[in-house]
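Chemist: Encoded as structure tokens, here's the structure I'll be asking about.
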Amino acid sequence: MTAVIEETPSAPAAKPARDHTPVVITLRIRRYLPDLVGPNGEPAVPFWQDFQVEADPTERILTAMHKIKGEQDGSLTFRRSCAHGICGSDAMRINGRNRLACKTLVKDLDVTKPITIEAIKGLEVEKDLVVDMDPFFQSFKDVMPFLITSGNEPTRERLQSPEDRERFDDTTKCILCACCTTSCPVFWTDGQYFGPAAIVNAHRFIFDSRDEGAEQRLEILNEKEGVWRCRTTFNCTDACPRGIEVTKAIQEVKRALIFRRV
Amino acid sequence: MPAGTLYRGREGMWSWVAHRVTGVLIFFFLFAHVLDTALVRVSPEAYDQTIDIYKNPVVNIMEYGLVGAILFHALNGLRIIAVDFWEKGPRYQKQMFWAVCGTWVVLMLGSFYWVLEHTLRQIFGS
């Protein structure tokens, strides 16, 4: 008896073939070159510049920007590091919304129109898409994003039940990209506001059963520029590339302050 | 530095914008309303005169706008309370926003005739 062997192994029919036909996309980038001063010393002004670049629909916007920087204009300046959505360096405003350039695919955008790319809002632009992140990280430091304990250190690890760990799981995902903070209308007009990212990182420790610094952090966030400035516009939740329910976390901190219960 | 394009927010951001706009509109109404009502203490005749000025189609349509502003502000206010105090509020804020919009449309259609009856009769005859 002979085994019947199919000559052409059938490919899994359920998966539709991806379209890899390259498309020409236009990136309309908001440029700011501080060295570009006028003839009479006028300060540099930001301007829009269009770049045309060929891209596979499954490619990321970051790849297209690399192509521009490598092949068309080396002066184009932006931050990126890992390029895989973990380091949080390449947050920018793409088509009017904060996203990571390394997690935004060409096929998810309307390529028939120019794709606008701007620096994130509310922080001072230093060059092109690079902003001064110092105020952002200062707010992060101000909420004391580290474990605070008292008494003797245990000889072994600090144990925690899965339920207690689950309590703050969502806010452990933050990569400090600033997509949330710079999408917040309150932060745009009031740079003193701690901002969603700092509150998310405070939440991560406030609701950690091993931590004993909740009271201190809650006091910091109870100040004028703390959680009460939040107007629940949900821009932060919509912008978060990690899918953190940012506004929910802020509301939990607010309720912890109202009811004094963590 | 010019800000560039407008931020493209979703339901949450635009409901917040609408809440602010309707809030300011209601404030201006209350400002005028307190002044005209206070006229009663000055002289009842001056009060009657002022109210007579109001009796025209333009003010009537503004009244309908006021109904719209107050309805949105009130309904969205309930949504904000739910976002603040209901544990699942933040997760269902979009659905609640569309519920607010739906209720608003129904109530605006329902109040259309009752608020604008006078103007409708004036324009289209009784």
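As given, the protein sequences belong to chains A and B, one line each in that order.
If you count the first sequence from 1, you need to add 418 to reach our numbering.
If you count the second sequence from 1, you need to add 198 to reach our numbering.
Glycine included, C-beta positions come from ideal geometry on N, C-alpha and C.
Since the model is a prediction, treat every value here as computed from it, not as a measurement.
Is it true that the CB of I617(A) sits closer than 7 Å to the CB of I406(A)?
Modeler: Nothing can be reported for residue 406(A), as the shown portion of chain A is limited to 419 through 680.
Chemist: Any beta carbon from chain A within less than 7 Å of W214(B)'s own beta carbon?
Modeler: Taking Cβ atoms only, chain A reaches closer than 7 Å to W214(B), which makes this a yes.
Chemist: Can you grab the Cα-Cα spacing for the pair M199(B) / V281(B), in whole Å?
Modeler: Unreliable positioning characterises M199(B) in this predicted model, as indicated by a pLDDT of 42, which lies under 50. The coordinate reading is nonetheless provided below. Rounded to the nearest angstrom, the two C-alpha atoms are 35 Å apart.
Chemist: Return helix, strand or coil for P200(B), following the three-state DSSP convention.
Modeler: Because P200(B) carries a pLDDT of 49, less than 50, the predicted location of this residue cannot be relied on, and the following value inherits that uncertainty. P200(B): coil per DSSP, three-state reduction.
Chemist: In chain B, which residues lie with their C-beta within 9 Å of the C-beta of F721(A)?
Modeler: Only positions 419 to 680 of chain A appear in this structure, which leaves residue 721(A) out of reach.
Chemist: Could you name each continuous alpha helix (DSSP H) segment of 4 residues or more that falls completely within the segment 202-287 of chain B, going from the start of the chain to the end?
Modeler: You should have 209-240, 242-252 and 255-283.
Chemist: Decide yes or no for the touch test of the segment 508-518 of chain A against the segment 459-467 of chain A: beta carbon pairs closer than 8 Å, at least 3 of them.
Modeler: Contact between the segment 508-518 of chain A and the segment 459-467 of chain A is absent, because fewer than three Cβ pairs lie under 8 Å.
Chemist: State the start and end residues of the unbroken alpha helix (DSSP H) segment that holds L675(A).
Modeler: Here the alpha helix (DSSP H) through L675(A) covers V664 to F677.
Chemist: E536(A) CB to nearest chain B CB: under 7 Å?
Modeler: Yes - at least one Cβ of chain B is within 7 Å of the one on E536(A).
Chemist: Where does the unbroken alpha helix (DSSP H) through W606(A) begin, and where does it stop?
Modeler: Start and end: P603 to T607.
Chemist: How would you list, in chain order, the residues of chain A whose beta-carbon sits under 7 Å from the beta-carbon of I278(B)?
Modeler: Going along chain A in sequence order, the residues near I278(B) (Cβ under 7 Å) are T650.
Chemist: What residues from chain A crowd round L204(B), counting only those whose CB sits closer than 8 Å?
Modeler: Correct list: G514.
Chemist: With which residues is M510(A) paired in a DSSP beta bridge?
Modeler: According to DSSP, which records beta bridges pairwise, M510(A) is partnered with R517(A).
Chemist: In this structure, what does DSSP give as the bridge partners for T444(A)?
Modeler: In the DSSP output, where bridge partners are listed per residue, T444(A) has Q470(A).
Chemist: Can you name, in chain order, every residue of its own chain whose Cβ lies under 7 Å from the Cβ of T235(B), other than the five neighbours on each side?
Modeler: Within the same chain, T235(B) has no close Cβ partners at all.
Chemist: Residues of chain B with a CB under 9 Å from the CB of C663(A): which are they?
Modeler: Here residue 663(A) is Glu; the residue named in the question, Cys, does not match the sequence. In chain order: P288 and R289.
Chemist: By a C-beta neighbour count over all protein chains shown, 10 Å radius and 16 as the cutoff for buried, is A482(A) buried or exposed?
Modeler: It is buried - the Cβ of A482(A) has at least 16 other Cβ atoms within 10 Å.
Chemist: I'd like the span of the beta strand (DSSP E) that includes K559(A), first residue to last.
Modeler: Unbroken run through K559(A) is the alpha helix (DSSP H), D552 to D560; no beta strand (DSSP E).
Chemist: From R660(A) to K591(A), what distance separates their C-alpha atoms?
Modeler: Going from the Cα of R660(A) to the Cα of K591(A) covers about 7 Å.
Chemist: Tell whether a beta-carbon distance below 7 Å holds between F469(A) and I486(A).
Modeler: Yes. Within cutoff.
Chemist: What do you get for F322(B), buried or exposed, if any count of 16 or more other CB atoms within 10 angstroms of its CB means buried?
Modeler: Classification of F322(B): exposed, given that the 10 Å Cβ count is below 16.
Chemist: Check the DSSP bridge columns for I533(A) and list the partner residues they point to.
Modeler: Partner(s): L445(A).
Chemist: Within a Cβ cutoff of 8 Å, which residues of the same chain sit near D608(A), ignoring the five residues on either side of it in sequence?
Modeler: So the list reads E643 and R647, once near-sequence residues are dropped.
Chemist: For chain B, check one thing: does any of its Cβ atoms lie closer than 7 Å to the Cβ of K521(A)?
Modeler: No - not a single Cβ of chain B is within 7 Å of the one on K521(A).
Chemist: In terms of residue numbering, what span does the alpha helix (DSSP H) encompassing E584(A) cover?
Modeler: It spans P580 to E584 - the alpha helix (DSSP H) in which E584(A) sits, taken as one unbroken run.
Chemist: At the 7 Å Cβ level, is R478(A) part of the contact set with chain B, yes or no?
Modeler: It does not: the Cβ of R478(A) has no partner Cβ on chain B nearer than 7 Å.
Chemist: Helix, strand or coil, according to DSSP, for F612(A) in the structure here?
Modeler: Reduced to three states, the DSSP call for F612(A) is coil.
Chemist: By the 9 Å beta-carbon criterion, what residues does the segment 585-608 of chain A contribute toward chain B?
Modeler: Correct list: S601, P603 and W606.
Chemist: How about the segment 242-254 of chain B and the segment 625-635 of chain A: do they share at least three Cβ pairs that are nearer than 8 Å?
Modeler: Counting Cβ pairs under 8 Å, fewer than three are found: no touch.
Chemist: Flag Q467(A) as yes if its beta-carbon sits less than 7 Å from any beta-carbon of chain B, otherwise no.
Modeler: It does not; no Cβ of chain B falls within 7 Å.
Chemist: Need the endpoints of the alpha helix (DSSP H) that K292(B) sits in, please.
Modeler: Taken as a continuous stretch (DSSP letters only), the alpha helix (DSSP H) holding K292(B) covers Q291 to F322.
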